[in-house]
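Have a look at the structure below, then the notes.
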Amino acid sequence: SQTIHQWPATLVQPVGSPLSLECTVEGTSNPNLYWYRQAAGRGLQLLFYSVGIGQISSEVPQNLSASRPQDRQFILSSKKLLLSDSGFYLCAWNIGQESQAFFGQGTRLTVV
Amino acid sequence: KNEVEQSPQNLTAQEGEFITINCSYSVGISALHWLQQHPGGGIVSLFMLSSGKKKHGRLIATINIQEKHSSLHITASHPRDSAVYICAAPSYSGGGADGLTFGKGTHLIIQP
Numbered sequence: 001s002q003t004i005h006q007w008p009a010t011l012v013q014p015v016g017s018p019l020s021l022e023c024t025v026e027g028t029s030n031p032n033l034y035w036y037r038q039a040a041g042r043g044l045q046l047l048f049y050s051v052g053i054g055q056i057s058s059e060v061p062q063n064l065s066a067s068r069p070q071d072r073q074f075i076l077s078s079k080k081l082l083l084s085d086s087g088f089y090l091c092a093w094n095i096g097q098e099s100q101a102f103f104g105q106g107t108r109l110t111v112v
Numbered sequence: 113k114n115e116v117e118q119s120p121q122n123l124t125a126q127e128g129e130f131i132t133i134n135c136s137y138s139v140g141i142s143a144l145h146w147l148q149q150h151p152g153g154g155i156v157s158l159f160m161l162s163s164g165k166k167k168h169g170r171l172i173a174t175i176n177i178q179e180k181h182s183s184l185h186i187t188a189s190h191p192r193d194s195a196v197y198i199c200a201a202p203s204y205s206g207g208g209a210d211g212l213t214f215g216k217g218t219h220l221i222i223q224p
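Order-wise, the sequence lines are chains A and B.
The opening position of the first sequence corresponds to residue 1 in this note's numbering, with each subsequent residue numbered one higher.
The opening position of the second sequence corresponds to residue 113 in this note's numbering, with each subsequent residue numbered one higher.
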């Protein structure tokens, strides 16, 4: 079956520490994968998307980076977290022209 | 780029009331998503619909492609329905690697 896994669900990190959020999918190959962020009081905003291994597109400049080391793995990273990086991060898998999409459980990141 | 607007932003109702949340978008799409986000942040996909109406339990979603409008209804609302409800549409007509554009969400509170 087709599923998507995202972890951890919650994370509290100090300012200046590194970040690594992982997202993996099952039941498909060569998926389009996305990272979104929801800041307080705002809608989910696209950060990165990837159409294949090593292919990353960034929508907004920020303190974060993304990598696609394997076909079904998408990683969101930061070398040094800022307070403004706090928020809810969501991985999604979007398939084909009919826009069928699957969503991870999300990660609530608090930078202190 | 698709613009997605939701209303109301906040809604408080009494248990048992019929709830309606509205979503409008600016660019013609192939399908629209309704999502539920509970306190604590986890995202649950409720519906993906491209025409007409879908029903799941007490939840009903409708879409009018010509008017670029969708509604989510909750019948016999219950306190456990309290959550943020989010609609999302393909960022460009047809979806694909362009991802989804999310509304800011409707924060629903059902009081006992």
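Glycine is no exception: its CB is placed at the ideal position from the N, C-alpha and C atoms.
State the Cα-Cα distance for the pair residue 120 of chain B and residue 169 of chain B, rounded to the nearest angstrom.
The residue you call residue 120 of chain B lines up with position 8 of the second sequence. The residue you call residue 169 of chain B lines up with position 57 of the second sequence. For residue 120 of chain B and residue 169 of chain B, the distance between alpha carbons rounds to 23 angstroms.
How should residue 112 of chain A be labelled, buried or exposed, when 16 other C-beta atoms within 10 angstroms of its C-beta is the threshold for buried?
By one-based count along the first sequence, residue 112 of chain A stands at place 112. Label assigned to residue 112 of chain A: exposed.
Please report how far the alpha carbon of residue 171 of chain B lies from the alpha carbon of residue 14 of chain A, in whole angstroms.
To locate residue 171 of chain B, count along the second sequence from 1; it is residue 59. To locate residue 14 of chain A, count along the first sequence from 1; it is residue 14. Looking at the two C-alpha atoms, the distance is approximately 41 angstroms.
Compute the Euclidean distance between the alpha carbons of residue 12 of chain A and residue 110 of chain A, then round it to the nearest angstrom.
Here residue 12 of chain A refers to the residue found at position 12 when the first sequence is read from its first residue. Here residue 110 of chain A refers to the residue found at position 110 when the first sequence is read from its first residue. Rounded to the nearest angstrom, the two C-alpha atoms are 5 angstroms apart.
Is it buried or exposed for residue 96 of chain A, if we count other Cβ within 10 angstroms and need 16 for buried?
The sequence position of residue 96 of chain A within the first sequence is 96, counting from 1. Because the pLDDT of residue 96 of chain A is 45, which lies under 50, any placement of that residue in the model is unreliable, and the number read from its coordinates should be weighed accordingly. The residue in question, residue 96 of chain A, is exposed, as its Cβ has fewer than 16 Cβ neighbours within 10 Å.
Measuring only between beta-carbons, confirm whether residue 164 of chain B sits less than 8 angstroms from chain A.
Working through the second sequence from its first residue, we reach residue 164 of chain B at position 52. Residue-level contact check: residue 164 of chain B does not touch chain A, since none of the beta carbons of chain A fall below 8 angstroms from its beta carbon.
Endpoints, the beta strand (DSSP E) within which residue 173 of chain B is located
The residue you call residue 173 of chain B lines up with position 61 of the second sequence. That run of the beta strand (DSSP E) goes 171 to 176.
Going residue by residue through the segment 139 to 194 of chain B, where are the continuous beta strand (DSSP E) segments of at least 3 residues, counting only ones entirely within it?
If one requires a minimum length of 3 residues, the beta strand (DSSP E) runs lying completely within the segment 139 to 194 of chain B are 144 to 149, 155 to 161, 164 to 168, 171 to 176, 181 to 186, in chain order.
Mind reading off the beta-carbon distance from residue 133 of chain B to residue 213 of chain B? Whole number of angstroms is fine, and I expect it under 8 angstroms.
Counting from 1 along the second sequence, the entry for residue 133 of chain B is found at position 21. Counting from 1 along the second sequence, the entry for residue 213 of chain B is found at position 101. Between residue 213 of chain B and residue 133 of chain B the Cβ distance is about 17 angstroms, and since that is not below 8 angstroms, they are no contact.
Taking the beta strand (DSSP E) that residue 12 of chain A falls in, what are its first and last residues?
Locating residue 12 of chain A in the first sequence gives position 12, where the first residue counts as 1. Counting along the chain, the beta strand (DSSP E) containing residue 12 of chain A begins and ends at 10 to 13.
State whether the segment 15 to 23 of chain A contacts the segment 37 to 48 of chain A, with contact taken as three or more CB pairs (one from each stretch) at a distance under 8 angstroms.
Counting C-beta pairs with one atom in each stretch, the segment 15 to 23 of chain A and the segment 37 to 48 of chain A have fewer than three that are closer than 8 angstroms, which means they do not touch.
Comparing the C-beta of residue 30 of chain A with each C-beta of chain E, is any distance below 8 angstroms?
No chain E is present in this structure, whose protein chains are A and B.
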